[in-house]
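As you go down the protein sequences, you meet chains A and B in turn.
Adding 63 to a residue's 1-based position in the first sequence gives its number in the working numbering.
Adding 1 to a residue's 1-based position in the second sequence gives its number in the working numbering.
The C-beta atom is built at its ideal place from N, Cα and C for all residues, glycine as well.
The structure appears below as structure tokens.
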Amino acid sequence: MKLLTCPMNGPRNIDEFQCFGPVRARPDPNATADRDWSRHLFRAENRKGIVVEWWRHVPSNYFFLAERDLVSNEIIRTFDAPQLRDRA
Amino acid sequence: MPLRLLKYGLSRDYPVSGDIPATPELKPAYDVVIIGGGGHGLSCAHHLAKYHGIRSVAVLEKGYLAGGNTARNTTTIRSNYITPEGIAFYKEGVELFERLSQELDFNVMFSQRGQLTLAHTEATMRSFHLRAEMGKHMGTRTEVVDQKGVEELCPLINMDYGGPLEILGGLWHADGGTARHDAVAWGYAAQASRRGVEIHQRTEVQGFEVVGDRVQAVTTNRGRVACGQVLIATGGMNYDVALMAGIELPIRCYPLQAMVTQPLKPWLHTLVSSVSLHTYLVQSSRGEVVIGGGSDPYQLYSTRSTLDMKEHLAEGAVHLFPFLQGVRLLRQWAGITDMTPDYSPILGASPLANLWLDCGWGTWGFKATPVAGKRMAQTIAEGRVPDILKPFALERFETFRLLNEMGATAASH
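Below, the structure is given as structure tokens:
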């Protein structure tokens with residue numbers, strides 16, 4: 064059993080979570096060319112390395128973020144969404 | 002030892018030879034460099050040498066021959082997809098499999114036993130009707146069967162009448178089948194090497210020398226190789242390899258896990274797949290039941306296995322065939338799949354003029370080994386993409402012309 068630490072519920076079985084994929088910057092709808100829209104829609108982060116992803120604790124419907132290594136599958140840390148805004 | 006046997010052993014008529022020669026020295030240049038010594042790369046090499054007279058070909062393989070996804074897939078061969086473009090392509094693939102043992106002079110153990118996909122909901126039945134009509138229109142043998150039809154095709158199945166997972170019907174694909182994955186790769190490798198193709202194992206591509214819009218050479222752990230044309234056919238490593246050439250493919254990598262049971266007497270005579278249970282089963286010619294399902298739920302570059310996924314597959318298998326409950330598992334493994342957003346491959350041109358793509362094979366690549374090799378060889382030899390491959394172009398993501406095979410692919414092999 065692999066554990067994921069939810070910022071609200073603490074360490075839980077990773078089975079209880081759903082991954083929503085890497086965080087992507089939202090394009091400006093008024094100033095984005097077709098090419099960049101397609102990029103936003105279809106090209107998610109896939110480099111070997113550390114990725115920041117959206118996760119959801121399904122029973123409590125709580126969304127948060129996790130930093131995870133795409134090669135070793137180590138979960139480096141998890142944090143609440145407002146921290147992402149602070150970081151940017 | 003009888004002398005007669007020794008006579009045969011020493012005769013020039015029976016020279017000592019392996020099917021695949023040992024890795025030779027790398028030459029400074031080749032007309033075509035194929036990155037990836039799996040089924041697809043070897044199939045392309047064979048078609049280049051046999052049908053296009055291009056024999057200055059090097060297949061560069063990081064590990065050992067066909068040791069990646071060619072060795073890890075569950076060998077489903079079928080063409081019951083949903084888009085006309087997809088069906089036309091995979092249909093040609095099935096037809097090539099039908100005569101592959103003769104083509105390669107190598108027994109690939111192709112067994113066209115048919116594939117039965119099960120529906121447990123009315124919504125799935127509706128999608129089956131669409132797939133069946135598309136399949137018939139495109140000339141494949143695909144039809145919807147009712148409960149009685151399912152029982153006739155697969156008498157040992159648990160119909161779960163009145164239960165939450167009652168089987169309402171199925172999609173019967175008589176063209177479906179299976180083949181021996183290693184034999185397919187070895188057969189292509191043997192044929193290609195006989196015609197002069199060089200297969201370089203343990204030769205890892207580490208970079209591309211790009212000048213203008215052309216690849217001049219690839220650099221490897223064994224030195225630099227100049228190349229006329231280059232093909233990327235590296236399965237789970239496609240994203241990584243293309244990135245070295247400055248191309249960011251719309252691919253995300255997920256592990257795909259599978260497992261086999263101990264050998265049993267023959268009892269499962271079709272390929273069986275359940276969309277709702279995300280489980281499919283096929284009995285190999287050795288009697289082992291191969292069990293597979295959907296990809297892992299999140300991205301990862303790892304071929305580790307997880308107990309969660311094994312439990313999930315076992316649960317699905319035991320639901321469909323309750324008598325499997327006492328059967329032991331023999332092996333389990335995983336491969337890295339290069340998933341595209343529309344569940345269709347990326348074939349043909351790249352932003353570089355002499356670099357070609359045989360990528361985005363996700364969970365559905367084995368069945369296309371012959372047809373992808375044949376059509377990519379044609380593309381490289383003629384320098385242009387044939388019509389049958391055009392819908393799979395990388396540009397489709399920029400023009401928003403996706404080829405959605407999700408309903409016909411995800412966990413319903």
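In chain order, ALA107 and ASN109 make up the part of chain A whose C-beta sits under 7 Å from the C-beta of ARG253 of chain B. The C-alpha of ARG73 of chain B is placed about 28 Å away from the C-alpha of ASN159 of chain B.
Non-local beta-carbon contacts of THR235 of chain B in its own chain, meaning distances under 7 Å to residues more than five positions away in sequence, involve ILE36, GLY37 and VAL242 in chain order. Note on the region 22 to 62 of chain B: whole alpha helix (DSSP H) runs with a minimum of 4 residues are 40 to 52, in chain order.
GLU249, PRO251, ILE252, ARG253 and CYS254: these are the residues of the region 249 to 282 of chain B whose beta carbon lies less than 7 Å from some beta carbon of chain A, given in chain order.
The straight-line gap separating the alpha-carbon atoms of ARG100 of chain B and ALA180 of chain B is approximately 12 Å. Within chain A, the C-beta atoms nearer than 9 Å to that of PHE401 of chain B come from ASP97, TRP100, SER101 and LEU104, in chain order. With its beta carbon at least 9 Å from every one in chain B, GLU79 of chain A lies outside the interface. Under a criterion of Cβ atoms nearer than 9 Å, no residue of chain B is adjacent to CYS69 of chain A; the nearest Cβ is some 15 Å distant. Counting only the Cα atoms, ALA373 of chain B lies some 29 Å from SER18 of chain B. Nearest Cα to VAL328 of chain B within the set B:GLU289, B:ALA354, B:PHE393 and B:LEU269: B:GLU289.
Against chain A, the CB of TYR82 of chain B has no partner CB under 9 Å away; the residue lies outside that interface.
Within the same chain, and ignoring the five residues on either side of ALA30 of chain B in sequence, the residues whose Cβ sits closer than 6 Å to its Cβ are ALA227.
The shortest C-alpha to C-alpha distance from VAL261 of chain B to any of B:ILE292, B:LEU232 and B:HIS279 is the one to B:ILE292. PHE105 of chain A places its beta carbon 9 Å or farther from that of PRO346 of chain B. If you check the CB distance, VAL283 of chain B and LEU119 of chain B do not come in under 9 Å.
Contact annotation for LEU301 of chain B against chain A: LEU133 and ASN136 [CB-CB distance below 7 Å, chain order]. Every alpha helix (DSSP H) stretch that sits fully inside the region 212 to 290 of chain B and reaches 4 residues is listed by chain position as 239 to 245. In the DSSP assignment, LEU97 of chain B falls within the unbroken alpha helix (DSSP H) covering 85 to 99.
DSSP places VAL206 of chain B in the strand class (E or B) of the three-state scheme. With at least 16 other beta carbons inside 10 angstroms of its own, ARG253 of chain B counts as buried. With respect to chain B, the C-beta atom of GLU116 of chain A has a partner C-beta closer than 9 Å. For HIS53 of chain B, the closest of B:ASP32, B:GLU62 and B:GLY69 by C-alpha to C-alpha distance is B:ASP32.
For the options B:SER286, B:VAL219, B:LYS92 and B:GLU134, the alpha carbon positioned closest to that of PRO264 of chain B is the one of B:SER286.
Near chain A, meaning a CB-to-CB distance below 9 Å, the residues of the region 381 to 410 of chain B are PHE398, GLU399, THR400, PHE401 and LEU403.
Residues of chain A whose Cβ lies closer than 7 Å to the Cβ of TYR240 of chain B are, in chain order, ASN109.
Look at the region 309 to 337 of chain B: the residues with a C-beta under 7 Å from a C-beta of chain A are ASP309. Within the region 10 to 29 of chain B, not one residue has a Cβ closer than 8 Å to any Cβ of chain A. Between the region 182 to 194 of chain B and the region 38 to 51 of chain B there are three or more C-beta pairs closer than 8 Å, enough to call the two in contact. In the three-state DSSP reduction, ASP132 of chain A falls in the strand class (E or B). Counting only runs of at least 4 residues, the region 119 to 202 of chain B fully encloses the following alpha helix (DSSP H) elements, listed from N- to C-terminal order: 123 to 138, 148 to 154 and 182 to 195. GLU116 of chain A is bridged by DSSP to A:PRO85 and A:ALA129. An exposed status is given to SER12 of chain B, since fewer than 16 other beta-carbon atoms sit within 10 Å of its beta-carbon. Here DSSP, grouped into helix, strand and coil, assigns GLY294 of chain B to strand. With contacts defined as CB atoms closer than 9 Å, TRP362 of chain B and GLU406 of chain B fail to qualify as a contacting pair. In the three-state reduction of the DSSP assignment, ALA354 of chain B falls in the coil class, being assigned neither a helical nor a strand state.
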